[in-house]
Structures are given as structure tokens and as C-alpha cells.
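Participant:
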Ligand SMILES: N[C@@H](CCC(=O)N[C@@H](CS)C(=O)NCC(=O)O)C(=O)O
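Residue numbers (this note's numbering): 453 to 673.
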């Protein structure tokens, strides 16, 4: 399939971006070479918005093609570099995997992202408890999403957002002093992901980036 490749894959990313890490798991699993560079003009710049109108990261350039959104990029990579496959053959099963990915992008991760402002500013009394409860609710729902998925299954496009968002939850819970309920099936499924080199490698390198970033940004209160 390399004939479908126009040029070097370039990823616009910043190190701490969660969706860039999600994309790197796909790139690593497909054993692709890529170059990672910061968005031209910087994160949120007009220069970058001339390329990607909303200014979101990651974006991928392949020759003359530019695609933004981790989901669209991952599906493109799956089509152009189909081995190893990260979507099943059956259309119904593919739809289930896509739904699993959307659950991450539209349900779990936005609930975690709501905590980000409190890394640099103290919350009001009791302000974080409903946010922590929402994350626990989403993790409980996710246990049902994966109820028929054996831990240690083949890695799919539907899985790649979770390991990094889980790292964020584990890092923020003690810092913000919030309690998160982790269903055992979610823990087991998450541990099973580490049998994939792409996940273990990204978790190791991103975990270090995240901890260094939190050391710099965390205001302490
Ligand atoms: N659904 C998008 C979300 C990407 C996203 O939110 N990226 C963050 C960085 S982790 C960002 O660019 N935020 C700024 C913005 O969206 O304007 C994707 O999957 O790529």
C-alpha cells in the first residue's frame, strides 16, 4: 500500500495534547514513520488556523493532503495502511468499534477536560465533586460498552483514546483530591491494552511528558 503514500507523514502536535497521543498509538501500531512538528505560528495562531480553521490538534499532512481531527486521521490511516487492521471486517462490528471511539471523544474525555482549569486555579468549595462523579458515571457506562470485549483483545481504532485519558484521570485524582470509582472490568481492560507495544510505549513516553508538564503547571492549593 506504500504506493498510496504521497510523501512523508507529518503530524502537527504539541507534546501534552491528549488527542495527539491517541493518534500516535495508531501510528505506532501500524509501524509508520512520521515527523512531529508544532503548529506553524504556535498553538491557536492565525497562521495555523489558515491551515486548520478551528486550530485543533492533531492534524496530519501527507504530501498535498491535510486532515484535522484524530478520528478522521485514524480512519484515513486505516484505509491507506490497512495492516495491521484496526477495524473488523464485518460492518456491524466496525460500527461498534467506531461507537466505542466516539464514547471516548464525546463522553469520557470531555468530562475529564472539565477538570483542566483547576490545574492552574483553585476550585470553589465542593466544585469538583460533581465533575468527579460524572467521570465515575462515564467509567461505569464504559464498563458496559466493553462488557463483551475480552481483556487483551486485538487493538482497534476504538481503543486508542482511552489509555491516555486514563493516565490523566490517575494523575489528576490525587492532585485535585477527588475520588474516582474505577470498575474492575475497566481496570482489567486497560491493563490488557499494555500487551500492545504501541500502547505501552505511548503510555511510558506520554506519562513522563504529562508528569513533567503537571510539575510545571500545577499551582498547588
Ligand atoms: N475531536 C478532536 C479534538 C481535538 C482537541 O480537542 N484537541 C485539543 C488539543 S488536545 C485542541 O486542539 N484544542 C483546541 C481547540 O480545539 O481549539 C480530535 O479528535 O482531534
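Positions of the beta carbon are idealized from the N, C-alpha and C atoms, including for glycine.
This one's a predicted model, so the numbers in the text were calculated from it and none came from an experiment.
So which residues touch the region around ligand 1, with touch meaning a C-beta under 5 Å from any heavy atom?
Facilitator: Cβ atoms closer than 5 Å to ligand 1 belong to 469, 470, 471, 507, 508, 509, 521, 522.
Participant: Considering only the alpha carbon of each residue, which of 650, 484, 657 lies closest to residue 529?
Facilitator: By 1-based counting over the chain shown, the position of residue 529 is 77. Of the candidates 650, 484, 657, the one whose C-alpha sits nearest the C-alpha of residue 529 is 484.
Participant: Of all the options 633, 617, 634, 637, which has the alpha carbon lying nearest to the alpha carbon of residue 662?
Facilitator: Numbered from its first residue, the chain shown carries residue 662 at position 210. Ranking 633, 617, 634, 637 by Cα distance to residue 662 puts 617 first.
Participant: When we look at the beta-carbon of residue 568 and count the other beta-carbons within 10 Å, is it buried (16 or more) or exposed?
Facilitator: Mapped onto the chain shown, residue 568 falls at position 116. By the 10 Å Cβ count, residue 568 comes out exposed.
Participant: Tell me where the beta strand (DSSP E) around residue 486 begins and ends.
Facilitator: As a working note, residue 486 is residue 34 in the chain shown. Start and end: 486-489.
Participant: Using 8 Å as the Cβ pair cut-off and three pairs as the minimum, do the segment 649-660 and the segment 588-604 touch?
Facilitator: Segments in contact, no.
Participant: So, at 6 Å on beta carbons, what are the nonlocal neighbours of residue 639 in its own chain, with the 5 sequence-adjacent residues on each side left out?
Facilitator: Your numbering for residue 639 matches position 187 in the chain shown. Nothing listed; no residue qualifies.
Participant: Measuring only the C-alpha atoms, how far is residue 496 from residue 470?
Facilitator: Working through the chain shown from its first residue, we reach residue 496 at position 44. Working through the chain shown from its first residue, we reach residue 470 at position 18. Roughly 16 Å separates the two Cα atoms.
Participant: Looking only at C-alpha atoms, which of 637, 461, 462, 473 sits nearest to residue 619?
Facilitator: Locating residue 619 in the chain shown gives position 167, where the first residue counts as 1. That would be 473, whose Cα lies nearest to the Cα of residue 619.
Participant: Kindly indicate which three-state DSSP category residue 634 falls into: helix, strand or coil?
Facilitator: Taking the chain shown and counting its residues from 1, the one referred to as residue 634 is at position 182. DSSP places residue 634 in coil when its eight states are reduced to three.
Participant: State the CB to CB distance for the pair residue 536 and residue 598, rounded to an integer number of angstroms; the pair is presumed to be in contact (CB under 8 Å).
Facilitator: If you number the chain shown from 1, residue 536 lands on position 84. If you number the chain shown from 1, residue 598 lands on position 146. About 20 Å separates the two Cβ atoms, so there is no contact after all.
Participant: Using a Cβ-Cβ cut-off of 6 Å (strictly less than) and excluding sequence neighbours within five positions of residue 526, which residues of its own chain qualify?
Facilitator: Within the chain shown, residue 526 is the residue found at index 74, counting from 1. Excluding residues within five positions, the ones whose Cβ falls inside 6 Å are 478, 609.
Participant: Using beta-carbon positions only, say whether residue 538 and residue 607 come within less than 8 Å of one another.
Facilitator: Along the chain shown, one-based indexing puts residue 538 at 86. Along the chain shown, one-based indexing puts residue 607 at 155. Yes, they are a contact pair.
Participant: When the distance is taken between beta carbons, is residue 666 closer than 8 Å to residue 623?
Facilitator: Stepping through the chain shown from its first residue, residue 623 is reached at position 171. Stepping through the chain shown from its first residue, residue 666 is reached at position 214. Contact flag set, yes.
Participant: DSSP three-state call for residue 464: helix, strand or coil?
Facilitator: In the chain shown, residue 464 corresponds to position 12, counting from 1. If DSSP states are grouped into helix, strand and coil, residue 464 belongs with the strands.
Participant: What did DSSP end up calling residue 514 once you bin it into helix, strand or coil?
Facilitator: If you number the chain shown from 1, residue 514 lands on position 62. Residue state, collapsed to three classes: strand.
Participant: State buried or exposed for residue 489, treating a residue as buried only when at least 16 other CB atoms are found within 10 Å of its CB.
Facilitator: The residue given as residue 489 occupies position 37 in the chain shown. Exposed, by the Cβ-count rule.
Participant: Looking at the structure shown, is residue 520 part of a helix, part of a strand, or coil, going by DSSP?
Facilitator: Stepping through the chain shown from its first residue, residue 520 is reached at position 68. Note: residue 520 maps to strand in three-state DSSP.
Participant: Where in the segment 573-614 do unbroken runs of the alpha helix (DSSP H), each at least 4 residues long, occur, reported from the N-terminal end onward?
Facilitator: As far as the segment 573-614 is concerned, its whole alpha helix (DSSP H) runs of at least 4 residues are 581-597.
Participant: Under 6 Å Cβ to Cβ from residue 555, same chain only, skipping five residues before and after it: list those, please.
Facilitator: In the chain shown, counting from the first residue as 1, residue 555 sits at position 103. For residue 555, where only same-chain residues beyond five positions count, the Cβ hits under 6 Å are 597.
Participant: Inspect the beta-carbon positions of residue 654 and residue 480 and report whether they are closer than 8 Å.
Facilitator: Stepping through the chain shown from its first residue, residue 654 is reached at position 202. Stepping through the chain shown from its first residue, residue 480 is reached at position 28. Yes. Within cutoff.
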